[in-house]
Structure formats: structure tokens, C-alpha cells
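Going by full-length UniProt numbering, the first residue of the sequence shown is number 1, and it counts up by one from there.
Backbone N, C-alpha and C define an ideal beta-carbon position, used for all residues, glycine too.
Notes follow the structure.
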Amino acid sequence: MAGLATELGARFGPGLRRAGLLLGAAALALVAADQKNVGRLLGQQHLSALWELPAHQLAALAVTMTALGLYLASVLGWTRDNVYLVDFYCFSPPERLKVSRTMLVQAMRAKGVFSEQNMEFMEKIIDRSGLGDETGLSDGILAMRDPDAKLGTSLKAVTEETQMVIFDVAGNLLKQANVRPDEVDIVIVSCSCFAPTPSMAAMLVNHFKMRRDVLTYNLSGMGCSSSLICVDMAKHLLKALPNKTVLVVNHENITQNWYVGNDRSMLVCNCLFRIGGAAALLSNRPRDRARAKYELVHSVRTHLGCEDDAFGCMGNGEDEEGVRGVFLRRNVIAVAGRALKANLTRLGPLMLPITELIKCATVKGHSPDFSRAFEHFLLHTGGRGVIDELEEKLHLTSKQVQPSKDTLYRFGNTSAASTWYILANVEHTSGVRRGDRLWQLGFGGGFKANSAVWRARRNIHTEHACWL
């Protein structure tokens, strides 16, 4: 009995294991209990016939009752430990904000801020970046299309971009999930480089008129993997608080991060980062179990901040002229590789089959086959070079990384929201089958590599507006 409950717990969560043990113990106690005392509860006449049964039939009855209890616990969701992804929504840049590669290069050159050598440098990066001609920038940045106009990088312009994105994704998600704003119990927002007061979480509470007791958390400075940090944070909150819903919103502000200097380490971000955002609804409410798309299996976070070269490989800074921007050092790819290895050292034993783990332990230089652990790969769209490196290091096929490449091409690097766009691509194109495992992987400054593993609860083939 304990073995069965333990196995079910490993697959479906400790709450179900506890329910199974409790019901099993109750069934065995019923069989072993004194007939007279139990008779007071269930009726002496019925128990007389029960005790006349042979011992093996009594044991079979106990097992049957336990199995029934486990089934009911599974069907009715008698556990608060499971974390469900009910639904999610991604921002679609309006037509006025879309910019082609040629138009972007022409506008930057016409502005006259960048030297000709740096213009050639950025043009090469844009051509090789893997970005297409429908990525979006903000209204403030696109003011540069008029050579005589000033870039709109004021606090007002920055706030307008943020509110446009977060109100859109949160509002559409709540409508799509048929959840009222006053049903949201917890709000978690992440944006690395923009931390206004009142916070973005407060903006959402005010805009949607949420309850006075709603819990809000606003994460800044956490980098492009902050969506996974939000998921992990929501997991721990939901384990402590039963029957709750969590609204997670991920966004990175492009307006204030646009760099107008000539330090090449900061020019790269102009070529890769684009406007975007996403919202996800997580829950541990039993009534959301049947309609949820996914169940969280694992979340694993890795932080290399104790290593100086990793800590300083990317972040906010100023050039020699005092112009602010986001810098990327040459060692960022190497640091990302170390962070990924550290993350997989913990994630691999949780997901890889035992045969792969034995090979890793006994065969020198063996690279595990992650296709045996996951059916879908949601790899951070840091750039074409990042995706190609992950494809090579993880020994993935071109088909497995195509959703990440398609997302990079269509939307650019949308920072923390990028993996939600990839998931939308998978659902929109190939679809997800019940039981499929999805690996969500992101990298961020600090330096961090974070993972989340989801299991599909049903067949999913959803049309997403951002991919129409």
C-alpha cells in the first residue's frame, strides 16, 4: 500500500500520496477495528455479514476501498500541491510599431548619432541576427524615423509602452480564461530595467480594480529568465496558500533601454531586443484542474553570481560619454554554457530515464539524449547564435529548435516573455498531446539559467492571435 502511494506521489504530487495513505489507513483500520465500536457507526446488521467474509476477501475489500479513494483524490483534485497553468496570452505589436530590418538601418543612419563604422557593425548583426521584418519597437523609439524629431525616451513615453503591453496581455488573458479581476489572488510582474513607483503590479491592480487583499510582487533586475523565476515563486506561494490564482505578467521595456552612443558592447541590444510581453494564469484551485492546459512538474534555478566573470558579463551601464545602455560582454556565451551545465546537473536526474543516467555515469563523454526527457523545447530567443549553440550542445534536431527560431524571426528577443511566445507557436502550429513534457529554458543577467518543466494535461491545438 505504501509503495503504491509513493509511486503515485512521485508522479502526481505529494498531496495525492498523502490522500492515498490516509484512505488506505482508514480502510485497513475499518477491517481491523472492533466490530462492536464500528457497528455504532455503520450498523451492526451490515457488519455481521462483512465479518463473515473470508480473510482474503476482506483484504481485497480494503485494497478496493483504497484504490477508490485514490481515484477520487485524483479526479476531484484533493490536493493543493499541484500547480496548474490554466492559460496564457502574448502581446501582438500593432502594425504601426512593426519595423523591417532595412527601415531600421535607414532610420538609425539618418539620425546621425552612430558612427559609420558602428552603423556597419550593427547592420552586420541585424543581417545575421535571425530577426525578420515584422518585429516591433515602441512609439518613442520609432520617432527616429523623422530625422528632425527627438527620441521619445521620457518617463511618460516609457510608462506608456509598459502600460500598453501589460494591460493588453492581462486583460486578454482574463477574458480568455473567463476569470474576473476580483478572482485574482496574487499578481507577480517582472521587468528587469524599468521599476517605476507605483509599481507595474500596482498599475494592474488599479487598472483592473482588483480586490484590496490581493497580494502583489514586482520583480526587477532579474534578466531574461525572470518568467521562470515568476513561475517558481508562484509555485512556492501556491504550495503555502490553498485555492488561489496567480496572474504572472512578463515584460521588458524597450524605450528606456534604447542606446544612442557608440560603445559596441551596448549596440548589440539595439539589434536584438524588441517590444513584447506575456501573461500567464496559474492556479491550485481544484475547479481549475479539469480545464488547465499544463501541470508544473519541476522548476530549477541556477545562479552564478558568485563568479565575477559571470556576474559582470551583462547588465546596465554607462559608456565613456555617460550614455546609458545594456552591455553584453564577449564572454556571455561561455558563461551561459556554464550556467546551462549547472542547471542540467540538477534537472537531468529529475527528468532523464534511468538508462540515460547510467550511461552518463558509466560512459565517459556521453551526452544525454534529452529527447527522451522532453517532447518540446522552449529555448530562450537570445539570438540566432544562442539557439544554434543550444541546438549543438543539447544534440537537438532542427525541428526541435524551429519554434524558437520562428519566434526570434517574428518577434525578436522579447526577453522574459520569449518562451511564452514559443509555447504559443507550438500550440498554434504542431499542437501538444496529452502527457507531452515541455522544457522552458531561460538565461538572465547575474548570471542565471532557469528551467521549468510542464506536462500537458490534455491535447492542445490552440489558435493564438500573435501567430495569425
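Closest by C-alpha distance to residue i, when choosing among the options
i: A279; options: C466, F447, A417 and A149; result: A417
i: E134; options: P353, A110, T102 and A361; result: T102
i: Y259; options: P147, A110 and L151; result: L151
i: M203; options: A452, Y217 and N257; result: Y217
i: F411; options: L468, A334 and D146; result: L468
i: R211; options: K98, E307 and V187; result: V187
i: E427; options: A334, G130, P93 and T462; result: T462
i: residue 471; options: D168, L241 and R180; result: In the structure as shown, the chain starts at 1 and stops at 468, and residue 471 therefore has no counterpart that could be examined.
i: C271; options: K98, A334, M122 and L219; result: M122
i: V248; options: A62, L423 and L174; result: L174
i: A157; options: L408, C306, A177 and Q256; result: Q256
i: S283; options: M266, H236 and K209; result: H236
i: L438; options: Y409, F208, H376 and P54; result: H376
i: T407; options: M65, L131, F374 and V386; result: L131
i: N343; options: A449, R264, R128 and L281; result: A449
i: V214; options: P181, P147, S227 and D232; result: P181
i: R128; options: A339, R384 and T429; result: R384
i: E307; options: T381, N331 and Q163; result: N331
i: Q400; options: S415, L379 and L304; result: L379
i: L386; options: C191, I333 and N425; result: This sequence places Val at residue 386; Leu is not what is there. Measuring from the Cα of V386, the nearest candidate turns out to be I333.
i: Q117; options: L394, A170 and L267; result: L267
i: L238; options: L228, S265, R285 and S192; result: R285
i: R109; options: P147, R264, E95 and N178; result: P147
Burial state of residue i (16 or more Cβ within 10 Å)
i: E392; result: exposed
i: D185; result: buried
i: R458; result: exposed
i: L350; result: exposed
i: L68; result: exposed
i: D388; result: exposed
i: R289; result: buried
i: N206; result: exposed
i: L155; result: exposed
i: V335; result: buried
i: K341; result: exposed
i: G136; result: buried
i: P198; result: exposed
i: Q402; result: buried
i: N243; result: exposed
i: A170; result: buried
Beta strand (DSSP E) segment containing residue i, residue limits
i: C90; result: Y84 to C90
i: A143; result: First-last for A143: undefined, no H or E at that position.
i: G348; result: Counting along the chain, G348 falls outside any beta strand (DSSP E), though it belongs to the alpha helix (DSSP H) covering V332 to M351.
i: Y259; result: Unbroken run through Y259: none, as it is neither H nor E.
i: F443; result: R437 to G444
i: L455; result: Checking the sequence, you will find Arg at residue 455 rather than Leu. Where R455 is concerned, the enclosing beta strand (DSSP E) stretches over K448 to A456.
i: L281; result: G277 to S283
i: H380; result: Element bounds for H380: n/a, residue is neither H nor E.
i: T414; result: It is not in any beta strand (DSSP E) - T414 carries neither H nor E in the DSSP assignment.
Endpoints, the alpha helix (DSSP H) within which residue i is located
i: I126; result: E116 to R128
i: M233; result: S226 to A240
i: K244; result: Per DSSP, K244 belongs to no alpha helix (DSSP H) and is neither H nor E.
i: R329; result: R329 -> no alpha helix (DSSP H), and no H or E assigned at all.
i: I158; result: Strictly speaking, residue 158 in this sequence is Val, with Ile absent from that position. Note, V158: alpha helix (DSSP H), L155 to Q176.
i: C385; result: According to the sequence displayed, residue 385 carries Gly and not Cys. First-last of the alpha helix (DSSP H) with G385: R384 to K393.
i: E356; result: I354 to T362
i: V205; result: M200 to F208
Neighbourhood of residue i by C-beta distance below 6 Å, restricted to the same chain and skipping five residues each side
i: E318; result: R324
i: N37; result: Confidence at N37 is low in this model, with a pLDDT of 46, below 50, so the placement of that residue is unreliable and no value is reported for it.
i: C269; result: V326
i: A107; result: M144 and R145
i: C360; result: H366 and P368
i: A373; result: M351 and L352
i: L390; result: L379
i: S451; result: V300, N343, L347 and L441
i: K98; result: E134 and G136
i: H395; result: S367
Beta-carbon proximity list for residue i, same chain, < 7 Å, skipping 5 on both sides
i: I460; result: K293, E427, G431 and V432
i: E321; result: G261
i: V363; result: none
i: E356; result: P368, D369 and R372
i: G348; result: P368
i: T159; result: P196
Own chain residues within Cβ distance below 8 Å of residue i, not counting five before or after
i: Q176; result: D87 and Y89
i: I166; result: V189, M200, M203, L204, V249, H251, G277 and A279
i: I254; result: L137, S138, I141, E161, F273, R274 and I275
i: G435; result: R455 and A456
CB contact below 7 Å: residue i versus chain D
i: M222; result: Among the chains in the structure shown there is no chain D, since it carries only a single protein chain.
Per the contact definition of three or more C-beta pairs closer than 8 Å, is the stretch 129 to 147 in contact with the stretch 269 to 284? yes
Any chance the stretch 85 to 94 sits against the stretch 283 to 294, with 3 or more Cβ pairs inside 8 Å? yes
Evaluate the contact criterion for the stretch 364 to 377 versus the stretch 325 to 332: three or more CB pairs, one atom per stretch, below 8 Å. no
For the stretch 213 to 230 against the stretch 436 to 449, do three or more pairs of beta-carbon atoms, one drawn from each stretch, fall closer than 8 Å, so that the two count as touching? yes
Between the stretch 302 to 312 and the stretch 111 to 119, do three or more beta carbon pairs fall short of 8 Å? no
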